[in-house]
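Worksheet for the structure shown next.
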DNA sequence: TTGTAGGCGTTATCAA
DNA sequence: TTGATAACGCCTACAA
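Residue numbers (our numbering), protein chains in the order written: chain Y, 6 to 353; chain V, 6 to 353.
Right under this line is the structure:
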């Protein structure tokens with residue numbers, strides 16, 4: 006049992022075996038299988054049958070080496086240990102995987118915390134080792150070394166989001182600023198004046214975007230900015246919970262709290278409930294992302310929805326176009342997120 | 006811009022380039038870089054420096070071909086389109102990725118709905134094309150063609166869960182039966198007699214396991230089985246919601262509802278809230294999995310926690326042992342899940 | 001329509 | 001301690 010698998014690789018039939026069995030050259034077998042037109046219908050038929058029968062499948066490594074192409078795209082989850090279960094990622098990966106499938110590409114996934122040595126290594130290995138044909142970037146940072154790295158290596162990539170210092174690379178952005186502004190307007194219409202914001206880490210572009218929507222919203226409503234209503238979060242439920250505890254303990258607590266993402270807002274709900282605060286009635290809470298969970302909280306969570314799954318698919322499509330040297334219609338795309346008002350920001 | 010990337014692959018330095026620059030043979034360069042002992046310290050030093058300087062990294066495809074090893078493990082998310090955002094998967098993948106990293110393995114991910122042609126194709130391509138050295142299986146089915154397929158191909162794999170017809174392959178199981186039994190006991194102690202169960206699709210082993218825990222629990226409490234209290238779910242929040250609506254509309258509705266997983270139970274919470282039922286007080290609700298979300302529902306959800314992240318890591322460790330032909334300590338491991346009692350099953 | 005042969009970039013065997 | 005050379009399995013000019 007122990008050495009059960011030892012020599013599995015030695016035993017697979019190669020194109021030579023198929024050729025030999027048929028008394029054909031490997032050329033013909035190769036061409037027959039790849040659907041070239043200059044092979045007799047009868048021959049092709051026989052080749053396909055025999056290959057099938059022998060259980061022959063091309064060795065991908067050999068093909069990759071020869072074609073100088075891996076038919077693989079890479080994605081490194083920018084996540085910290087020990088673990089991280091933001092539903093954003095499973096949805097994003099499902100989108101990447103589905104779209105890659107449709108183009109017969111594989112998806113290589115790794116995990117690395119942002120801005121660590123490990124992360125640099127991971128990207129280097131893939132790029133310089135030609136492990137993948139292109140890379141998808143997400144959770145962009147305000148100054149993102151990855152963009153420069155990809156460019157220096159002239160390596161195909163697309164990104165979900167931009168950096169603050171550059172946006173002239175193929176990416177899809179979601180207009181976080183405008184999204185939060187809409188939300189602010191909604192809150193102001195509901196009569197709120199003391200509106201708090203729980204941030205994401207500053208390194209992320211999404212923080213800059215969403216926070217500027219907050220500031221703009223305040224300005225438009227002529228509400229002076231009050232720093233005590235801005236608290237740091239970390240995009241997790243627990244971060245939101247802790248921040249909310251601080252905010253709600255203030256002498257003059259906010260009547261509305263915006264989380265930088267849904268997870269943060271959900272942490273706020275937990276804190277509010279613990280403090281027996283009636284969300285909706287006495288405290289408005291809203292998030293950003295539109296994850297499924299936001300539609301099953303109590304009360305249902307007002308949020309700004311971005312189409313993560315579809316973005317992932319589009320990013321892959323753009324990337325594969327780049328890889329193939331085909332034109333992509335636009336350099337980048339800016340999507341408008343959708344404000345979804347639910348009970349958590351409505352009174353009574 | 007358009008053809009920007011075209012020839013990127015042609016331009017990377019190869020081991021030949023490094024050798025030429027140093028007037029050494031490729032053999033020496035290769036051995037120096039791989040840390041063989043039979044190369045002069047001075048030579049090695051120079052080789053490493055030059056390689057670094059020229060930005061040389063071995064082409065992985067060539068290495069794979071030569072070594073007959075990809076240093077890659079595969080995982081196919083058994084998920085249905087258009088999308089699926091069970092947090093189980095991001096946690097599982099994070100575990101797979103982290104552990105693979107530590108062994109310098111890559112993780113190849115794909116997406117395929119269970120028991121579809123696409124799924125068979127995906128596995129075949131990877132196995133027969135030696136795309137990966139081993140495969141991780143999850144969401145096992147009661148009769149799982151994948152197990153037989155892997156065996157026929159003598160391909161290394163480990164699985165999260167077993168099948169009903171075989172468990173003599175390397176896997177980690179979580180004792181769902183015992184978990185649910187504990188939960189049942191807890192519910193009975195709370196005075197419940199009309200306890201309902203919302204199932205997972207029958208094809209999954211986890212359904213058989215958890216449901217048998219339910220039946221056992223009833224038997225132990227001498228509660229006769231009443232089929233009207235068993236309703237089909239699909240492991241999603243919406244499935245749980247729909248099933249709960251039916252259950253709670255019964256002339257003699259249950260006083261406790263168990264979801265086959267946490268997502269299902271969360272759907273029940275949503276339904277209960279819509280019907281203004283006070284969960285905890287008037288209705289007990291519990292799930293299975295122990296996802297983060299269960300700790301942020303309202304009320305907090307009683308659940309049976311399984312260590313998904315750790316299981317994923319362990320599965321990878323076992324798999325890599327198999328790949329290396331090393332002994333694995335046990336053929337399979339059965340873990341006991343942990344009952345976590347929270348407010349959703351406690352009165353007052 | 002089919003076959004010959006060279007090479008993709010490594011690693012590994014063997015000899016120097 | 002180093003080097004020449006032969007694979008690994010596939011694709012593709014080019015020739016037949």
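Using N, Cα and C, we set each Cβ at its ideal position, and we do this for glycine too. Given the structure is predicted, the values throughout are model-derived calculations rather than measurements.
Short CB-CB distance (under 7 Å) between residue i and chain Y
i: residue 176 of chain V; result: no
i: residue 297 of chain V; result: yes
i: residue 242 of chain V; result: yes
i: residue 121 of chain V; result: no
i: residue 96 of chain V; result: yes
i: residue 69 of chain V; result: yes
i: residue 65 of chain V; result: yes
i: residue 278 of chain V; result: yes
i: residue 338 of chain V; result: no
i: residue 19 of chain V; result: no
i: residue 308 of chain V; result: no
i: residue 275 of chain V; result: yes
Member of the options whose CA lies at the smallest distance from the CA of residue i
i: residue 205 of chain Y; options: Y:106, Y:233, Y:351, Y:239; result: Y:239
i: residue 149 of chain V; options: V:128, V:138, V:133; result: V:128
i: residue 194 of chain Y; options: Y:209, Y:261, Y:74; result: Y:261
i: residue 337 of chain Y; options: Y:213, Y:174, Y:41, Y:69; result: Y:174
i: residue 144 of chain V; options: V:165, V:77, V:62; result: V:165
i: residue 355 of chain V; options: V:45, V:41, V:52, V:18; result: Past the edges of chain V, shown from 6 to 353, lies residue 355 of chain V, and the structure says nothing about it.
i: residue 271 of chain V; options: V:324, V:180, V:290, V:197; result: V:290
i: residue 298 of chain V; options: Y:80, Y:61, Y:90; result: Y:90
i: residue 287 of chain Y; options: Y:33, Y:278, Y:112; result: Y:278
i: residue 112 of chain Y; options: V:221, V:66, V:79, V:220; result: V:79
i: residue 24 of chain V; options: V:57, V:292, V:94; result: V:57
i: residue 267 of chain V; options: V:300, V:220, V:196; result: V:300
i: residue 82 of chain Y; options: Y:73, Y:67, Y:98, Y:72; result: Y:98
i: residue 276 of chain Y; options: Y:244, Y:265, Y:296; result: Y:244
i: residue 84 of chain Y; options: Y:115, Y:110, Y:96, Y:108; result: Y:115
Closer than 7 Å to chain V by CB, residue i
i: residue 102 of chain Y; result: yes
i: residue 99 of chain Y; result: yes
i: residue 112 of chain Y; result: yes
i: residue 135 of chain Y; result: yes
i: residue 92 of chain Y; result: yes
i: residue 57 of chain Y; result: no
i: residue 115 of chain Y; result: yes
i: residue 205 of chain Y; result: no
i: residue 108 of chain Y; result: no
i: residue 286 of chain Y; result: no
i: residue 325 of chain Y; result: no
i: residue 301 of chain Y; result: yes
i: residue 271 of chain Y; result: yes
i: residue 62 of chain Y; result: yes
i: residue 84 of chain Y; result: yes
Close beta carbons around residue i, own chain, < 7 Å, minus the five adjacent residues each side
i: residue 49 of chain Y; result: 37
i: residue 171 of chain Y; result: 152
i: residue 192 of chain Y; result: 200, 261, 289, 350
i: residue 210 of chain Y; result: 145, 146, 147, 166, 167, 168, 169
i: residue 44 of chain V; result: 33, 36, 37
i: residue 31 of chain V; result: 20, 21, 24
i: residue 259 of chain Y; result: 199, 200, 201, 234, 252
Cutoff 6 Å; reference residue i; Cβ partners in own chain excluding five residues on either side
i: residue 223 of chain V; result: 230
i: residue 321 of chain Y; result: 101, 104, 105
i: residue 75 of chain V; result: 69, 137, 138
i: residue 132 of chain V; result: 158, 160
i: residue 256 of chain Y; result: none
i: residue 18 of chain V; result: 59, 61
i: residue 327 of chain V; result: 161
i: residue 179 of chain Y; result: 311, 340, 342
Cβ-based neighbour list, residue i, same chain, cut-off 8 Å, excluding 5 preceding and 5 following
i: residue 251 of chain Y; result: 236
i: residue 332 of chain Y; result: 326
i: residue 318 of chain Y; result: 100, 101, 103, 104
Complete runs of the alpha helix (DSSP H) confined to the region 64-140 of chain V [at least 4 residues]: 65-72, 92-107, 122-133
Alpha helix (DSSP H) runs wholly inside the region 140-205 of chain Y, at least 4 long, in chain order: 150-157, 181-194
Alpha helix (DSSP H) runs wholly inside the region 223-289 of chain V, at least 4 long, in chain order: 242-253, 267-279
Stretch-stretch touch, CB-based, cutoff 8 Å, three pairs: the region 106-121 of chain V with the region 301-308 of chain V: no
Cβ contact (3+ pairs, closer than 8 Å) linking the region 175-191 of chain Y and the region 202-217 of chain Y: yes
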